[in-house]
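Each protein sequence line maps, in turn, to chains X and P. Just so we're aligned, residue 1061 is where the first sequence starts under my numbering, counting upward by one. Just so we're aligned, residue 12 is where the second sequence starts under my numbering, counting upward by one. Note that beta-carbon positions come from the ideal geometry of N, C-alpha and C, so glycine has one too. These numbers were taken from a predicted model, which means no experiment stands behind them. Notes to accompany the following structure.
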Amino acid sequence: RFSQNFREVAGRLLGSDASRHLLVFAMEQRLPPDRELLQAVLRLFQEPVPEAALRTHGRLSPRSHRARVTVEWLHVRDDGSNRTSLIDSRLVSVHESGWKAFDVTEAVNFWRQLGRPRQPLLLQVSVQREQPGPRAASAHRLVRFASQGPAGGGRGEPQLELHSLDLGRYGAQGDCDPEAPVTEGTRCCRREMYIDLEGLKWAENWVLEPPGFLAYECVGTCRQPPEPLSFKWPFLGPRQCIASETTSLPVIVSVKEGGRPRAQVVSLPDMRVQKCSCASDGAPVPRKLEP
Amino acid sequence: LTEEQILGSLLQQLHLSEVPALDQGDVGQLVIPAHVRAQYVALLQRSHGTHSRGK
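Written as structure tokens, this is what we have:
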């Protein structure tokens, strides 16, 4: 730091002895914008550990036979800097082998929010000790997953499974046709609904602006996914027509201060519907990618 | 969106437990100052641009 001959270099020392693998998935053609992603599953093949290695491990480290496997989404920004987002993390046993499934829906949702042309989907898989610390077990050294490309020989190669719905058939239709009455068969849409504040008794002499506003409402029904999908996600409720994006409403009210009236602005959240969508009760709302 | 929801939201934002008692005489002479109107218009414009994700 104090030498005149060297420039200071800021850096980070990562003290973990985790093994890391970077998985690359070309996605552009696989998930067009007119499809809604329900779930993305990453399948990794855990290689069996040789018996001799297991026996040695059991003698040296009797306490734990598990390692923590973490999946992160890697985003390489335009300026070259990297950023990772935690997607899924779980413990796996060294005694197990075969396919392991990780829910990476959030990573694919993040990837979809990137500007075009989009980089491939990058998933970083790391295998770490179950617990940090020098006395922790070293089972993580025995956990191996089959890799992508020629090195893995194609056998047990990592797979990305995408479950999606065609929005043209399963999504909402935008704004309702004002000429057509809403019936049981109407597809989910946004209908105009005017709230007349001037006509509300309690708002008299209190709400000064606006005299009323277009709130909109979501009406109609949603097509349900085919049977096999419902079977795979039994925890999800039926798809319903709901307000998926809302906006606030500013109002000017009169408040009394020291016996005298004064005008004040307040913003009421979620008062106007901007967009209606079909969504299942229990389905996670995709997180917005932060800049 | 119901009338009760609008009233509930308004009371919550103003930290009130009930609708304030204001009569015509109170409000009749009230002029909305320019800075309050400007703040209202700015919020109105902003609300058209920013949407929040539904629950």
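Do you know whose CA, among X:ARG1137, X:GLN1184, X:PRO1218 and X:LYS1160, lies nearest ARG1178 (chain X)'s CA?
Of the candidates X:ARG1137, X:GLN1184, X:PRO1218 and X:LYS1160, the one whose C-alpha sits nearest the C-alpha of ARG1178 (chain X) is X:ARG1137.
Contact set between SER58 (chain P) and chain X, taken where Cβ atoms lie within less than 8 Å
Here the neighbours are THR1307, SER1308, LEU1309, PRO1310, SER1327 and ARG1332.
Taking TRP1262 (chain X) as the query, report the chain P residues whose CB atoms sit under 7 Å from its CB, ordered along the chain.
Near TRP1262 (chain X) (Cβ distances below 7 Å), the residues of chain P are LEU18 and VAL30.
Backbone CA spacing between ARG1201 (chain X) and SER1149 (chain X) [nearest angstrom]
For ARG1201 (chain X) and SER1149 (chain X), the distance between alpha carbons rounds to 17 Å.
Work out the CA separation of VAL1164 (chain X) and ARG1103 (chain X) for me, nearest whole Å.
Each residue's alpha carbon lies about 10 Å from the other.
Under the three-state reduction of DSSP, which class applies to SER1308 (chain X): helix, strand or coil?
SER1308 (chain X): strand per DSSP, three-state reduction.
When you compare only the Cα positions, how much space is there between GLY1297 (chain X) and SER1340 (chain X)?
Approximately 5 Å between the Cα atoms of the pair.
State yes or no: is the beta carbon of GLN24 (chain P) nearer than 8 Å to at least one beta carbon in chain X?
At least one C-beta of chain X is nearer than 8 Å to the C-beta of GLN24 (chain P).
Is the CB of LYS1160 (chain X) under 8 Å away from at least one CB in chain P?
No - not a single Cβ of chain P is within 8 Å of the one on LYS1160 (chain X).
What are the complete alpha helix (DSSP H) segments, minimum 4 residues, inside the region 1148-1173 of chain X?
Fully enclosed alpha helix (DSSP H) runs of no fewer than 4 residues occupy 1165-1172 of the region 1148-1173 of chain X, in order along the chain.
Among X:LEU1098, X:LEU1328 and X:GLY1228, the one whose alpha carbon lies nearest that of HIS26 (chain P):
The option with the nearest alpha carbon to HIS26 (chain P) is X:LEU1328.
Answer with buried or exposed for PRO1108 (chain X), where buried requires no fewer than 16 other C-beta atoms within 10 angstroms of its C-beta.
Burial state of PRO1108 (chain X) is exposed, judged by a 10 Å Cβ sphere holding fewer than 16 other Cβ atoms.
Does DSSP classify HIS1135 (chain X) as helix, strand or coil?
Residue state for HIS1135 (chain X) is assigned as strand, using DSSP reduced to three classes.
Closer than 8 Å, CB to CB, is GLU1217 (chain X) near chain P or not?
It does not; no Cβ of chain P falls within 8 Å.
Delimiting residues of the beta strand (DSSP E) encompassing LEU1082 (chain X):
Unbroken beta strand (DSSP E) run through LEU1082 (chain X): 1079-1085.
State buried or exposed for HIS46 (chain P), treating a residue as buried only when at least 16 other CB atoms are found within 10 Å of its CB.
Under the 10 Å beta carbon count, HIS46 (chain P) is surrounded by fewer than 16 other beta carbons and is classified as exposed.
Helix, strand or coil: which one does DSSP assign to LEU1074 (chain X)?
Reliability fails at LEU1074 (chain X), whose pLDDT of 45 lies under 50, so the model's placement of it is uncertain and the value that follows must be treated cautiously. In the three-state reduction of the DSSP assignment, LEU1074 (chain X) falls in the coil class.
C-alpha gap between GLN1089 (chain X) and HIS1081 (chain X), whole angstroms
Going from the Cα of GLN1089 (chain X) to the Cα of HIS1081 (chain X) covers about 24 Å.
With LEU1220 (chain X) and LEU1091 (chain X) assumed to form a contact (beta carbons below 8 Å), what rounded beta-carbon distance in angstroms separates them?
At roughly 10 Å, the Cβ-Cβ gap does not stay under 8 Å, so LEU1220 (chain X) and LEU1091 (chain X) are not in contact.
Amino acids of chain P, ordered along the chain, whose beta-carbon sits closer than 9 Å to that of ILE1147 (chain X)
Here the premise fails: no neighbours, minimum Cβ distance about 19 Å.
Against chain P, which members of the region 1252-1279 of chain X pass a CB distance test of less than 9 Å?
Residues MET1253, ILE1255, LEU1257, LEU1260, TRP1262, ALA1263, GLU1264, ASN1265, TRP1266, VAL1267, LEU1268, GLU1269, PRO1270, ALA1275, TYR1276 and GLU1277.
Does DSSP put LEU1146 (chain X) in a helix, a strand or coil?
Looking at LEU1146 (chain X) - three-state DSSP - the assignment turns out to be strand.
Once you ignore the five residues that flank ARG1251 (chain X) on each side, which residues in its own chain have a CB closer than 6 Å to its CB?
Cβ neighbours of ARG1251 (chain X) beyond the five flanking positions: CYS1236, GLU1277 and VAL1279.
Decide if HIS1125 (chain X) is buried, meaning its Cβ has at least 16 other Cβ atoms within 10 Å, or exposed.
Taking every protein chain shown into account, the CB of HIS1125 (chain X) has 16 or more other CB atoms within 10 angstroms, so this residue is buried.
Reference ASN1265 (chain X), options X:SER1224, X:ALA1232, X:THR1281 and X:LYS1316, closest by Cα:
For the options X:SER1224, X:ALA1232, X:THR1281 and X:LYS1316, the alpha carbon positioned closest to that of ASN1265 (chain X) is the one of X:LYS1316.
Confirm, please, whether the CB-CB distance from GLN1184 (chain X) to GLU1132 (chain X) is below 8 Å.
The answer is yes: Cβ separation under 8 Å.
Compare the beta carbon distance of SER1314 (chain X) and VAL38 (chain P) with 8 Å and say whether it is the shorter of the two.
Annotated as proximal: SER1314 (chain X) and VAL38 (chain P), with beta-carbon spacing under 8 Å.
Let me check one thing: in DSSP terms, what residues is GLU1190 (chain X) bridge-paired to?
Under DSSP, GLU1190 (chain X) shares a beta bridge with no residue.
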